[in-house]
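Peer 1: Below is one structure. I have some questions about it.
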Amino acid sequence: MSNQQTYMIINQGGNEEYSLAIRGRKVVVALYNPRDPYQRWIKKDNGTKDQEGQPAFILINEATNEAIKHEGTTGPMSLVQYDTVASSQDNSVLWSESKDSNQGFRYIRRASNISRHITVNYHALREGRIVDLWYETDITEHWKFIPYSKDLLVPNQQTITISCRSKEGYNLTISDDTVMLARADPKDKNQIWVKEISYAKPVKDKDGKQAFALVNKATGKAIKHGFGTDNLVHLAQFNQNYLDSSLLWTESEKELGFKEIRMQSNTSAVFHASYVDEADSNKALLELRLPTSSNDQLWKFQEITLWDAGDASTTTPEKPSNQWDSSKADIFFDGSKN
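Residues in the sequence shown are numbered consecutively from 21, following my numbering.
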């Protein structure tokens, strides 16, 4: 089946952050991660149709080669090796999509009984939640097939420096595990950040702006929401295989290339350069505040190459072995490599 199209199957509920997956031989939803082969499915056309004339198909997990099987009219589903049903007309592994579309999302239902839909158990979306068959109408019964390609794995990364309009000639950096502004230094790897877009590709804020993480190139730590406004931001080690909503930010364009950087989950909390040390007017820490459009809240991303960063000896910065490394993007939960 190497030539078959593979899909991520996204649920419409929960801000479209969850996809169909296998965990421990159970069909569940998991936080969207295209690097996880247990979230990738082959949609194998069966050549038959349901009562509405919609094509029937088998859903086969790429990692396990198991097909989803319905055991009855409602309740959890099971898994069966595809090889054992490939040449049969076993109706219990046949599914179809509804004709009606809700922003591209459709029901996935039994081909032999289209009133029974795949849904999330008790409509409660969370990591590892069981998926089963039910007949009520709920947003968690709506799914979208997104064709999988290597483009989903490319970490749509931008290597950047981050400056503030209120302090020209200074960049955002990390010092003593604190995010702050420091005089721009092209040789300082702590001033280099990666804007990770594919990490949060299905997530947007209330205005429809794409979410992203900001990962420090030298330390592998990402900027994390603090305790709300009037508090400093935090840092957390970045894990590409786990979607942490507290690491997600969005941007709002302002003027002259500057923008507000705000929490994805609360756009009323924005980056603010706080000059907290009266004895040192150059020292500014990064905290979150309510938006005022002051220069302390206007930021610019300057895309750079590693040559710009003063690294004349190599095209990739040196990283200790325990740090985040984007070259390991295809390492999965079980330690295997795709």
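Every residue gets a Cβ at the ideal spot worked out from N, C-alpha and C, and that includes glycine. None of the values given here were measured: they were computed from a predicted structure.
1. If you compare alpha carbons, which of His143, Arg282, Gly95 is closest to isoleucine 243?
2. So, are the CB atoms of isoleucine 42 and tyrosine 58 less than 8 Å apart?
3. Look up glutamine 25 in the DSSP assignment and say whether it is helix, strand or coil.
4. Which same chain residues end up closer than 7 Å to alanine 220 when comparing Cβ atoms and leaving out the 5 residues on each side of it in sequence?
5. With a cut-off of 8 Å on the beta carbons, I'd call arginine 149 and valine 48 a contact; round off their distance for me.
6. What is the rounded straight-line gap between the Cα of histidine 90 and the Cα of serine 39?
7. Quickly, what does DSSP pair lysine 69 with across the bridge? List them, please.
8. Let me know the secondary structure DSSP gives threonine 96 once reduced to three states.
9. Is the CB-CB distance between glutamate 376 and valine 223 below 8 Å?
10. Return helix, strand or coil for aspartate 316, following the three-state DSSP convention.
11. For proline 311, does the three-state DSSP call read helix, strand or coil?
12. Give me the residue from Thr68, Thr270, Lys63 with the minimum Cα distance to glutamate 86.
13. Just to confirm, is the Cβ distance from isoleucine 14 to lysine 237 under 8 Å?
14. Is DSSP giving leucine 305 helix, strand or coil here?
15. For glutamine 211, write down the residues that DSSP places opposite it in a beta bridge.
16. Give the straight-line distance between the Cα atoms of methionine 97 and serine 112, rounded to the nearest whole angstrom.
17. Leucine 318 and cysteine 184: beta carbons closer than 8 Å?
18. Per DSSP, what are the beta-bridge partners of leucine 51 in this structure?
19. Determine the burial state of asparagine 53: buried for a count of at least 16 other Cβ atoms within 10 Å of its Cβ, exposed for fewer.
20. Alpha carbon to alpha carbon, how far is threonine 374 from asparagine 261?
21. With DSSP collapsed to three states, give me the class of glutamate 280.
22. Could you give the uninterrupted runs of the beta strand (DSSP E) lying entirely in the segment 99 to 141, keeping only those of 3 residues or more?
23. Pull up the distance between the alpha-carbon of leucine 276 and that of tyrosine 168, whole angstroms please.
24. Three or more beta-carbon pairs under 8 Å between the segment 181 to 200 and the segment 152 to 159, yes or no?
25. Specify the secondary structure class of proline 167 as computed by DSSP and reduced to three states.
26. Can you tell me the Cα-Cα spacing of valine 140 and lysine 209, whole angstroms?
27. With DSSP collapsed to three states, give me the class of isoleucine 30.
28. Under 8 Å by Cβ, that's how I've got histidine 162 and glutamine 32 pegged, so tell me the actual separation to the nearest angstrom.
29. Starting from leucine 255, follow the beta strand (DSSP E) in both directions and report where the run begins and ends.
30. Output yes or no for whether 8 Å exceeds the beta carbon distance between alanine 304 and serine 294.
31. In terms of alpha-carbon separation, which member of Ile138, Thr198, Leu201 lies closest to isoleucine 30?
32. According to the Cβ coordinates, are leucine 306 and valine 235 closer than 8 Å?
33. Going by the CB atoms, is the gap between isoleucine 78 and leucine 51 shorter than 8 Å?
34. Identify, in the order they occur along the chain, each residue of the same chain with its Cβ nearer than 7 Å to the Cβ of glutamine 24, setting aside the five sequence neighbours on each side.
35. Report the rounded CA-to-CA distance for glycine 34 versus tyrosine 142, giving the unit in angstroms.
Peer 2: Considering the structure as presented:
1. Residue mapping note: residue 243 aligns to position 223 of the sequence shown, counting from 1. For the residues His143, Arg282, Gly95, the minimum Cα distance to isoleucine 243 belongs to Arg282.
2. On the sequence shown, position 22 is the one that residue 42 refers to. On the sequence shown, position 38 is the one that residue 58 refers to. Yes, Cβ-Cβ distance for isoleucine 42 and tyrosine 58 is below 8 Å.
3. In the sequence shown, counting from the first residue as 1, residue 25 sits at position 5. Note: glutamine 25 maps to coil in three-state DSSP.
4. In the sequence shown, residue 220 corresponds to position 200, counting from 1. Around alanine 220: Ala231, Phe232, Ala233, Leu263, Leu268.
5. The residue given as residue 149 occupies position 129 in the sequence shown. The residue given as residue 48 occupies position 28 in the sequence shown. Between valine 48 and arginine 149 the Cβ distance is about 6 Å, and since that is below 8 Å, they are a contact.
6. The sequence position of residue 90 within the sequence shown is 70, counting from 1. The sequence position of residue 39 within the sequence shown is 19, counting from 1. Rounded to whole angstroms, histidine 90 to serine 39 spans 19 Å at the Cα level.
7. Residue numbering aside, residue 69 sits at position 49 when the sequence shown is read from its first letter. DSSP, once it has assigned bridges, lists Pro75 as partnering lysine 69.
8. As a working note, residue 96 is residue 76 in the sequence shown. Per the sequence shown, the amino acid found at residue 96 is proline instead of threonine. Note: proline 96 maps to strand in three-state DSSP.
9. No statement about residue 376 is possible, as the shown extent of the chain runs from 21 to 358 and does not include it.
10. By 1-based counting over the sequence shown, the position of residue 316 is 296. In this structure, aspartate 316 counts as helix in the three-state DSSP scheme.
11. The sequence position of residue 311 within the sequence shown is 291, counting from 1. In this structure, proline 311 counts as coil in the three-state DSSP scheme.
12. As a working note, residue 86 is residue 66 in the sequence shown. Checked all of Thr68, Thr270, Lys63; the closest Cα to glutamate 86 is Lys63.
13. Residue 14 is absent from the model: the chain starts at 21 and stops at 358.
14. On the sequence shown, residue 305 is found 285 positions in, with the first residue counted as 1. In this structure, leucine 305 counts as strand in the three-state DSSP scheme.
15. On the sequence shown, residue 211 is found 191 positions in, with the first residue counted as 1. In the DSSP output, where bridge partners are listed per residue, glutamine 211 has none listed.
16. As a position in the sequence shown, residue 97 is number 77, starting the count at 1. As a position in the sequence shown, residue 112 is number 92, starting the count at 1. So the alpha carbons of these two residues sit roughly 10 Å apart.
17. As a first step, residue 318 is located in the sequence shown; it is residue number 298 there, counting from the start. As a first step, residue 184 is located in the sequence shown; it is residue number 164 there, counting from the start. A contact, by the Cβ cut-off of 8 Å.
18. Stepping through the sequence shown from its first residue, residue 51 is reached at position 31. Per DSSP, Tyr38.
19. Along the sequence shown, one-based indexing puts residue 53 at 33. Buried.
20. In this structure the chain extends from 21 to 358, so residue 374 is not present and cannot be described.
21. For this step, residue 280 is matched to residue 260 along the sequence shown. The answer is strand: DSSP assigns glutamate 280 an E or B state.
22. 115 to 117, 128 to 130, 133 to 140
23. Mapped onto the sequence shown, residue 276 falls at position 256. Mapped onto the sequence shown, residue 168 falls at position 148. Their backbone Cα atoms lie some 37 Å apart in a straight line.
24. no
25. What you label residue 167 is simply residue 147 of the sequence shown in a count that begins at 1. Proline 167: strand per DSSP, three-state reduction.
26. On the sequence shown, residue 140 is found 120 positions in, with the first residue counted as 1. On the sequence shown, residue 209 is found 189 positions in, with the first residue counted as 1. Each residue's alpha carbon lies about 44 Å from the other.
27. By 1-based counting over the sequence shown, the position of residue 30 is 10. The answer is strand: DSSP assigns isoleucine 30 an E or B state.
28. Along the sequence shown, read from residue 1 onward, the residue named residue 162 stands at position 142. Along the sequence shown, read from residue 1 onward, the residue named residue 32 stands at position 12. So it is a contact: roughly 4 Å between Cβ atoms.
29. Along the sequence shown, read from residue 1 onward, the residue named residue 255 stands at position 235. Counting along the chain, the beta strand (DSSP E) containing leucine 255 begins and ends at 254 to 257.
30. As a working mapping, residue 304 is identified with position 284 in the sequence shown. As a working mapping, residue 294 is identified with position 274 in the sequence shown. Against a cut-off of 8 Å, the Cβ pair of serine 294 and alanine 304 comes out as a contact.
31. The residue you call residue 30 lines up with position 10 of the sequence shown. Nearest C-alpha to isoleucine 30: Ile138.
32. The count along the sequence shown starts at 1 and reaches residue 306 at position 286. The count along the sequence shown starts at 1 and reaches residue 235 at position 215. No.
33. Residue mapping note: residue 51 aligns to position 31 of the sequence shown, counting from 1. Residue mapping note: residue 78 aligns to position 58 of the sequence shown, counting from 1. Against a cut-off of 8 Å, the Cβ pair of isoleucine 78 and leucine 51 comes out as no contact.
34. The count along the sequence shown starts at 1 and reaches residue 24 at position 4. Only Ile62, Lys64 meet the Cβ criterion.
35. Residue numbering aside, residue 34 sits at position 14 when the sequence shown is read from its first letter. Residue numbering aside, residue 142 sits at position 122 when the sequence shown is read from its first letter. Using only the alpha carbons, I get a separation of about 14 Å.
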